[in-house]
Amino acid sequence: MTKTTLSRNTLSQVPQHISVPQPCVLGAKVGIVHIGAGNFHRAHQAPLYQDIMQNAGGDWRVVGVSLRSPKMADILTSQDGLYSIKETSISGNRTRIIGSIERVLFAPQQAAEYLEYMVSQNIKIITLTITEKGYCHTPSTGKLDLSHQDIIADQKNTALPTSALGWLAYGLKARMDAASEPVTIISCDNLPDNGRLLEGVLLEYCQEFYNAKLVNWIKSNVTFPNSMVDRIVPATTKTGLQSASQHLAMQDAGALVCEQFSQWVIKDNFANTHPDFSQVGVRLVADVAPYQELKLRMLNGTHSLLAYIGCMLDLETVADFVDDADMKTFLSTVMNNEIIPSVSCPAGFEIKPYGQDLIDRFCNSEIHHQTAQIAMDGSHKIPVRWVPVINYWLAQGIIPQGLLIGIAAWALCLGQVSESGKRFDFQDQIGDKLQQSWHSNAQNPKQQMLDLLSFKQIFSGQIARNDRFSSALIKVYNQMKTDGIRQLVKTYIKSAQQDKPEEYLT
Ligand code: CS2
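This note's numbering applies: residue 5 is where the sequence shown begins, and numbers increase by one.
Laid out in C-alpha cells, this is it:
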C-alpha cells in the first residue's frame, strides 16, 4: 500500500485522468465560513464553489468549522484541505480532487481563529449543515427549546458554546463589535423554511443569552435565505477509502463517494456579494418553499420509509431495498398514490418523472447508503417528511395506508431487533424517552402506539388526535408483528393495484 498522501506537494502525482483544482482555486481568498464540515458539505457545496471559481473566478474558498470532533480538521490539515470525491451514476463514475476548502477548524480548540474569520470583511456568507437536530428547536412549533441539553450547557459559558446557535451568536457578536460588513447565513439542512427557522431560533437565542443590541444588529445586517439542497452522500466506509487510495495511487483519508446528481435552490436574498451561482446551475429563486416541500416529501419521505422497513427486514442499504421487487413497487406506489397528491409543485414542474428519477437514484449500488444511517433522528425527520402528508389525507377523511405502514415500522424499530432477530441501533435525540415509552408498554401494543402518538414534538395536527388513525395504527402494528412487514406490503400493493385505497389494510 502506498505511503504517499494527497497534499499540495503530491497533487502533481495524481493520475492524469483525475481532475485537480486549478491554481485560481488554490490561490483564492476565503469568502465563506461553513459550520458543520461533514461529508455533505464536502460533496455538495465545496465542489460547486470550486467549479464557480474555475469558471468565473472570485474569492470563494471555504473555512470549515467542526463543533463536535477534531477528526475532519486533523484529516484536512494533513492534506492541505484536499480530498477526492467519486461521483457515481448509472452512466458512469468520475473522480476529482476538491481544493476549495482552505482548512477546517475545530472550534472548541480554535475559538480565536474562528472569531478572526467571523469578523473578517472578506467573509460574505456563512453556511450550515448541522442536521435537523442542530437547530435546538421543537419540531412541531419551530421555537427554540430552552430545555435542550446543548442550550443548557451554553448558558454556563457563552464564550465556549456547545450548540451551533451559540457559536453563531458568539461570532456575530464579534462581527457587530468589529463593525464588519453584513453577511448572509444559509441553512443547508433538510427542514422546511430552514432560513426562517434559523433566523427565529437564533434571534430567540440572542435575546436570551445576549441582548437587544445584538438582536437588532442581526435584524439589520444579516439575511437568512431559505435553501433546498440535494445530493446523496453516504457516510464514509473503510472499503470506500481503500478503493479511493487505489484509484489515486495515494492515501486520501478524506475521500468521499456520492451520486452525480446535485441540486441547490436558494432564495435570492443576499446581504452581501455571492458567488456566480449561474455558472453551476444553482438556482436563485423568489420562493424556495415548493422546492423544499417537493424534496422533503418525495426524496426524504421515501428515504425514511425505506429506512425503517429496511432495518426491520435486514435490507442494509438503499440499493438493497430497491433491488427487492416488492419493496421497490411499494415505494413507488406510496410515492404516486400518497405523496405526489400532497405536494404543491414548483410551477411547470413534472413531478412523475422526478419520482421515477428518484427511484433510479436509489438504485445506484455504487453508493452504500445504509438504511440505519437514514433511520437516525426520526423524531426530527418524521415531523417534516411524513406528518404533513398524513395530515393532508386525514383532512379529507382518508388514512394513507403506506405511510401508516411507515409509522408502524418506525415504532417496531424502537425494539432494536429486526424480524430475523438481528440487533441494530440508531441514534435519536429523544431516543431514551421513546425507548422507555416503548418498553414500558411492551405487553400492551395498543398503549404503546397511543403513547408514541402523544409525543407532541413529533406528531402535531390531526394525526395526534384522530381516533381512526390511532385505531388503524394499532391494527397495522399488530398485523406487522404477527404476519411480518413483507406480507403487509404485499397486501398494500395488491389493494393499490385494484384501486381500493380505503381497503388496503384496515
Ligand atoms: C437522508 C438525506 O439521511 C437522511 O435522512 O434522507 O441525507 C438525503 O440523502 C439527502 O437529503 C439527499 O439530498
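Backbone N, C-alpha and C define an ideal beta-carbon position, used for all residues, glycine too.
Residue i beta carbon near the ligand CS2 (any heavy atom closer than 7 Å)
i       : result
His-278 : no
Asp-471 : no
Ile-409 : no
Val-326 : no
Gln-377 : yes
Asn-194 : yes
His-307 : yes
Arg-235 : yes
Leu-303 : yes
Lys-494 : no
Lys-137 : no
Lys-147 : no
Lys-385 : yes
Residue i, buried or exposed, once every other Cβ within 10 Å from all chains shown has been counted against 16
i       : result
Pro-19  : exposed
Lys-217 : exposed
Val-421 : exposed
Ala-32  : buried
Ile-56  : buried
Lys-90  : buried
Glu-354 : exposed
Arg-98  : exposed
Lys-437 : exposed
Ile-36  : buried
Arg-107 : buried
Arg-427 : exposed
Arg-365 : buried
Ser-231 : buried
Lys-299 : buried
Gly-96  : exposed
Lys-271 : buried
Gly-285 : exposed
Pro-357 : exposed
Arg-389 : buried
Ile-94  : exposed
Gln-159 : exposed
Lys-242 : exposed
Ile-156 : exposed
Gln-431 : exposed
Asp-193 : buried
Residues that residue i bridges to, as DSSP identifies them
i       : result
Asp-234 : Gln-267
Glu-208 : Paired residues: none, contrary to the question.
Leu-416 : For Leu-416, which the question treats as bridged, DSSP gives no partner whatsoever.
Phe-110 : Ser-70
Cys-262 : Glu-91
Ile-101 : Ser-88
Thr-131 : His-38, Ile-190
Ser-23  : Arg-100
Gln-374 : Thr-321
His-278 : According to DSSP, which records beta bridges pairwise, His-278 is partnered with nothing at all.
Own chain, CB closer than 6 Å to residue i, minus 5 neighbours either side, in chain order
i       : result
Leu-309 : Gly-410
Ile-462 : Ser-383, Ile-386, Pro-387
Ser-424 : Asp-318
Arg-179 : Met-122, Val-123
Arg-287 : Val-269
Residues of its chain near residue i, where Cβ-Cβ distance is below 7 Å and the 5 sequence neighbours each way are ignored
i       : result
Glu-117 : Leu-109
Glu-507 : Here Glu-507 scores only 49 on pLDDT, less than 50, and its place in the model should not be relied on; the value that follows carries that caveat. Contacts found: Ser-499.
Val-219 : Leu-207, Cys-210, Gln-211
Residues near residue i in its chain [Cβ-Cβ closer than 8 Å; skip 5 each side]
i       : result
Asn-474 : It is worth fixing the name first, because residue 474 is Ser in this sequence and not Asn. Around Ser-474: Met-453, Leu-454, Leu-457.
Val-393 : Arg-301, Gly-305, Glu-342, Ile-343, Ser-346, Pro-404, Leu-407
Asp-429 : Ala-376, Gln-420
Residue-chain proximity (residue i, chain C), Cβ-Cβ < 8 Å
i      : result
Gln-26 : The structure shown contains no chain C, having only a single protein chain.
Item checked: Given 8 Å, three or more beta-carbon pairs between the stretch 430-447 and the stretch 485-498 -> Not touching, per the Cβ criterion.
Note to self: Can you confirm whether the stretch 33-43 touches the stretch 208-223 when touching is taken to mean that 3 or more C-beta pairs between the two stretches lie within less than 8 Å?
What the structure shows: Fewer than three Cβ pairs drawn from the stretch 208-223 and the stretch 33-43 lie within less than 8 Å of each other, which leaves the two stretches out of contact.
Check: Counting pairs of beta carbons, one from the stretch 327-347 and one from the stretch 400-408, are three or more of them closer than 8 Å?
Finding: With the cut-off at 8 Å, the stretch 327-347 and the stretch 400-408 touch.
Checklist line | contact_flag[the stretch 125-139, the stretch 274-288] where n(CB pairs < 8 Å) is 3 or more | finding: Short answer: they touch.
Checklist line | Three or more C-beta pairs below 8 Å linking the stretch 313-327 and the stretch 224-231 | finding: Per the Cβ contact rule, the stretch 313-327 is not in contact with the stretch 224-231 (fewer than 3 Cβ pairs under 8 Å).
Margin query: When you compare the stretch 204-212 with the stretch 145-152, are there three or more beta-carbon pairs, one atom per stretch, that lie closer than 8 Å?
Written below: Flag = yes, the stretch 204-212 and the stretch 145-152 touch.
Notebook entry, point to check: Do the stretch 61-81 and the stretch 231-241 make contact, defined as three or more Cβ pairs closer than 8 Å?
Noted result: These segments do not touch.
Next item on the list: State whether the stretch 252-271 contacts the stretch 8-24, with contact taken as three or more CB pairs (one from each stretch) at a distance under 8 Å.
Entry: The stretch 252-271, when compared against the stretch 8-24, does touch it at the 8 Å Cβ threshold.
Note to self: Would you call the stretch 165-173 in contact with the stretch 134-144, where contact means no fewer than 3 C-beta pairs closer than 8 Å?
What the structure shows: Contact between the stretch 165-173 and the stretch 134-144 is present: three or more C-beta pairs spanning the two stretches fall below 8 Å.
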